[in-house]
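Residue numbers (the working numbering): 2 to 589.
Idealized CB from N, CA, C, for every residue including glycine.
Notes follow the structure.
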């Protein structure tokens, strides 16, 4: 569980009356002291965060011990195409029970269970009522289909551990398929896609294709970043009207990750034909909007001066700031507080960073005067992040390599394209060591992908700062130093940079570089070999105006893994040779 969550204990019959309350510690742990009379009650434990995450468990249904503690998985309530749909699962289970039990419930199929489920379709009870009804049925008759109904209700609530315990009690072989599918969906819900895929794969029988199972197999493939596999598995779900929106969304994600941006946009259009944009779940709507606007010329207008421009002008240059609340920060969120907290996180990131490699898909485009691509080149390679230091200052060296362990050189401006790098290193602009060399400005607060974020502008001071990079138009030309300005979107709950935009502080006249804009999305990756997480780029858009050319790069990163190389090694080829051997990939 996450740190800083509030945890309550209540009786199931009186969920609003709290028997005890506490908070999780820095490791996400919590403890309760309850009276003996309360320990035997039907209790419910709820945890929530200020950012809207919540989770439940019913401890009286779970064997809890020191070796097997209670674990709450928090999520944001509401429809979410990234996660399994409780409605789709319920519909699938109803149809399966009809096949197993017949159109009318029999004594062997549990008294009235199927009737209750069918009634649910008409009267749409609340999630809490669904769980209550299912548990009352379970007390009356511990039949396998009753446990299946209860499991589905508990999963809708978000009580994943309790759901797994109840499901484990299904022993009747007639319901093996239903049990296996529900467990696979539960594993997808708690982000264990490899286990989910293995389990769901067992249900595939000959030529019989179940669209719902295929959707969940496709979802697992997306979480494992098996993009071609995801596209293949999701196809059958497109033919089911209720499942198609989620399948189109996941296919759009996979196509984007493969660098096929035009196909991703077409998939997003198919999604919005089936579900009106305003009715899409927030995360899906923002993905569709971002997919379209990031590829349009409007999304990369240059910043003149982030430190002095009025907010309204900055919003015109950065359309994603349209819903920015530019009012002064509330108490506790002053600029100095933000810089201290995010700076501590960035310092820890560089100090604890482990050498990491990933798969990079690079799409290079040359644009016409209207911003449309008229020449496109696509490449796939390894991208290596290696920890280094320069004059005592932390840095990451970022290099590219081929599958046979050789350094990769990407064609530059002489070939009509450009090469760009240094995306993880860009976070250095908030490092405490460099903060004295940078000016910062609080711009406001907004929602980004459903999360509350703080937006902070920054600008380097050229006379005091270390350049953020260099620009070289050819191998023969001297490198021009690059100083930047820009803005960061910082999560309000954890003070992590989730998006970073950088622009030139000023055009570089000697290099004829008018503009260079980078938009970098970050997310935390968790590796199987360490409990630590690392903030790494997931996708990057780089736009450039050089002489009379307009160019754009799209970088998509996936399949991160850790590797070891001698810390003092200056041989980039050794790093590439070591990094190319895949280790278990990062989990979401």
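Buried versus exposed call for residue i [16 or more other C-beta atoms within 10 Å across all chains shown]
i	result
residue 308	exposed
residue 441	buried
residue 1	The structure shown has nothing for residue 1, since the chain only spans 2 to 589.
residue 449	buried
residue 464	exposed
residue 32	exposed
residue 332	exposed
residue 352	exposed
residue 369	exposed
residue 263	exposed
residue 96	exposed
residue 185	buried
residue 523	buried
residue 548	exposed
residue 189	buried
residue 280	exposed
residue 504	buried
residue 19	exposed
residue 376	exposed
residue 214	buried
residue 15	exposed
Endpoints, the alpha helix (DSSP H) within which residue i is located
i	result
residue 229	228 to 235
residue 175	Neither: residue 175 is in no alpha helix (DSSP H) and is coded neither H nor E.
residue 305	Residue 305 -> no alpha helix (DSSP H), and no H or E assigned at all.
residue 203	No alpha helix (DSSP H) contains residue 203, which DSSP labels as neither H nor E.
residue 1	Missing from the structure shown is residue 1; the chain here goes from 2 to 589 and no further.
residue 256	245 to 258
residue 267	262 to 275
residue 212	212 to 224
One or two residues paired with residue i in a DSSP bridge
i	result
residue 317	DSSP output for residue 317 lists no bridge partner at all.
residue 384	359 and 401
residue 13	Residue 13 is not bridged to any residue.
residue 72	Answer is none; residue 72 lacks a bridge partner.
residue 552	367 and 545
residue 488	458 and 502
residue 329	Partner(s): none; residue 329 has no beta bridge.
residue 22	9
residue 1	Within the shown structure, residues of the chain are numbered from 2 to 589, placing residue 1 beyond reach of any answer.
residue 389	396
residue 563	357
residue 453	448
residue 376	367
Cβ shell of residue i (< 7 angstroms), same chain only, five flanking positions each side left out
i	result
residue 418	365, 367, 378, 412 and 552
residue 49	6, 7 and 55
residue 265	253, 256, 257 and 292
residue 78	55
residue 164	152, 155, 156 and 187
residue 316	322, 323 and 325
Sequence-distant residues of the same chain with beta carbon closer than 8 angstroms to residue i, five excluded per side
i	result
residue 225	194, 195, 198 and 586
residue 480	471, 472 and 473
residue 347	428, 429, 431, 432, 433 and 498
residue 1	With the chain covering 2 to 589 only, the question about residue 1 has no answer from this structure.
residue 249	239, 268, 269, 271, 272 and 275
residue 286	278 and 279
residue 284	81, 82, 83, 450 and 451
Cut-off 6 angstroms between Cβ atoms - residues of its own chain near residue i, not counting five sequence neighbours on either side
i	result
residue 109	Residue placement at residue 109 is poorly supported in this model, since its pLDDT is 49, which falls under 50; the coordinates still yield a value, given next. Cβ neighbours of residue 109 beyond the five flanking positions: none.
residue 269	253, 289 and 292
residue 363	380 and 556
residue 502	487, 488 and 520
residue 92	none
residue 80	282
residue 589	At residue 589, the pLDDT of 37 sits below 50, so the modelled position is not reliable; the number obtained from the coordinates is stated separately. Cβ within range, chain order: 192 and 224.
residue 500	490 and 522
residue 1	The requested residue 1 is not part of the displayed model; the chain covers only 2 to 589.
residue 247	82
First and last residue of the uninterrupted beta strand (DSSP E) at residue i
i	result
residue 509	Unbroken run through residue 509: none, as it is neither H nor E.
residue 55	55 to 58
residue 48	44 to 49
residue 440	439 to 449
residue 482	481 to 483
residue 471	470 to 472
Residue i CB to nearest heavy atom of the ligand NAP below 6 angstroms
i	result
residue 461	Inclusion of the ligand NAP in the displayed structure is not the case, the ligand content being empty and no account of it being possible.
Just list the alpha helix (DSSP H) runs in the region 135 to 174, keeping only unbroken ones of 4 residues or longer that don't cross its boundaries, in chain order. 145 to 158 and 161 to 169
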